[in-house]
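Below is one structure, written out as structure tokens; comments come after it.
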């Protein structure tokens, strides 16, 4: 049985990824620090769903799932070098899927040090551990936010992304550069996935669909930034996990015809790749809100706001590279994904809709 480390398994994407791998027959070791960036009860709820009981979770101590035979969880900080090294030395992972990070564009304006600690130092610890304990493939989360001030749509991995507009984006761009360095120096196969506006059951409370749903049900106004003139490439969680899984199975390889005179940011002479992973069907924010209103059967009270610092007016993923390499295509339409999210929200929060 092959062994996979999934970091961020109390988080949204990490939780779903761990479940997928367990159902595919892998042994999974999960890691998360369960910080209070958002409601820890939701994080413990995800863990409970995967058989990890809150009362058993302690710092640095293994917790075995009572639902999945081959799932164990550790509460650790990525910045804890000694603990990360010990974990890698003990388990000798075949694959690493690194999804843990300090997320959120707007929060990076408030607490920038958290982003450097988790996203930079934490990722360095993962890279160093992969160096000392070689793995078949390191797959890690990047973000569409790295496109920053780029305005050419759809966003392509082949384009320059040297103009981030938030510290969050800058740290994620930095992880891509760090991964390339380790792929070059130590031949660690690494693939970075730039996620585009992921949503679905067990999602993050700081994301639009969660904020809007809660406010509409409570009869409170929703804040619509840039006066609604925004679009997002909303991507359902199952489609994201499918892409992560497919990428894991096919380790990055060196590009034989890589041209150092006109280097392609998406590939390398080293075993390193970057892919967009999104729905490739951007939706106007006001249309998204309308679909949410229809699903909830209630109208939203909209408060039009200017663009927020660090935000961008639109995202749109060019996923042709991922499709070509992995036969990847999304399958969940936004209106279906919204309905599924609302069904989960109603059940988890015991709300009648």
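Residue numbers (our numbering): 437 to 789. Glycine is no exception: its CB is placed at the ideal position from the N, C-alpha and C atoms. Owing to the predicted nature of the structure, the values given are computational and were not obtained by experimental measurement.
Worksheet item: How many Å lie between residue 757 and residue 655 at the Cα?
Response: 43 Å
Practice prompt. Classify residue 689 as helix, strand or coil using the three-state DSSP reduction.
Written response: coil
Worksheet item: Between which two residues does the alpha helix (DSSP H) harbouring residue 790 extend?
Response: A question about residue 790 goes unanswered here, because the residues of the chain that appear run from 437 up to 789.
Practice prompt. List the endpoints of the continuous beta strand (DSSP E) containing residue 507.
Written response: 507-511
Item to complete: Taking only runs that begin and end inside the region 614-650, name each unbroken beta strand (DSSP E) of 3 or more residues, in chain order.
Response: 626-631
Worksheet entry | Sheet register partners of residue 591 (DSSP bridge) | 753
Worksheet item: Can you name the start and end residues of the beta strand (DSSP E) that residue 573 belongs to?
Response: 573-579
Worksheet item: With a CB to CB cut of under 8 Å and the five nearest residues on each side skipped, what residues in its chain are close to residue 595?
Response: 583, 586, 588 and 701
Fill in: Three-way DSSP call (helix, strand, coil) for residue 761 in this model
helix
Practice prompt. State yes or no: is the C-beta of residue 634 within less than 8 Å of the C-beta of residue 448?
Written response: yes
Worksheet item: Counting Cβ pairs, one atom from each stretch, are 3 or more of them under 8 Å apart for the region 767-786 and the region 604-621?
Response: no
Fill in: Proximity winner among 715, 714 and 690, relative to residue 703 (alpha-carbon distances)
690
Worksheet item: Whose C-beta lies closer than 7 Å to the C-beta of residue 517 among residues of the same chain, with five residues either side of it excluded?
Response: 561
Worksheet item: According to the Cβ coordinates, are residue 645 and residue 535 closer than 8 Å?
Response: no
Worksheet item: Is DSSP giving residue 470 helix, strand or coil here?
Response: coil
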